[in-house]
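Everything below concerns the one structure shown next.
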Amino acid sequence: MDVRRPPAKQRPWKAYAIALFGIYLAGFSAYNLYEWHSTGQLYMHKFSEPHWSSFAREPVNFSFVAAVYVFALLLFGGVPLANLFNWFRRGYKSLRRRK
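Heads up: the sequence shown begins at 172 in the working numbering, then just goes up one per residue.
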């Protein structure tokens, strides 16, 4: 095995697994943002008691959590999804050199 190649080229299944985990995190964020859009509230966990919160009740916490969800959706959804699309578009290429 050539040690000069990046890990994604040495073991492509790890790159796929990381991308799929990122898409899972993006889906979680998208679901919570959809709940916010449909109800106007976000489900928050405060140390011991989870509760629904709205912008009118807790503007600072609500804005912080909403910003984290939007950032996670853009970061973990856009980049890995674009990478997976690009990998499937190009097709699987063998890592072995032809003799």
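From the three backbone atoms N, C-alpha and C, an ideal C-beta is built for every residue, glycine too. Predicted, not measured: the structure shown is a model, and the values here were computed from it.
With contacts defined as CB atoms closer than 8 Å, Ala197 and Ala237 fail to qualify as a contacting pair. Excluding the 5 residues flanking it on each side, Ser200 has same chain C-beta neighbours closer than 6 Å at Tyr240, Ala243 and Leu244, in chain order.
Under the 10 Å beta carbon count, Trp207 is surrounded by 16 or more other beta carbons and is classified as buried. By the criterion of a C-beta distance shorter than 7 Å, Val231 is surrounded by no residue of its chain, once the five residues flanking it on both sides are discounted. A distance below 6 Å between beta-carbons, with the five flanking residues on each side excluded, links Ala190 to the following residues of its chain, in chain order: Pro251, Asn254 and Leu255. The C-beta distance from Met215 to Ser224 rounds to 5 Å, short enough to fall under 8 Å.
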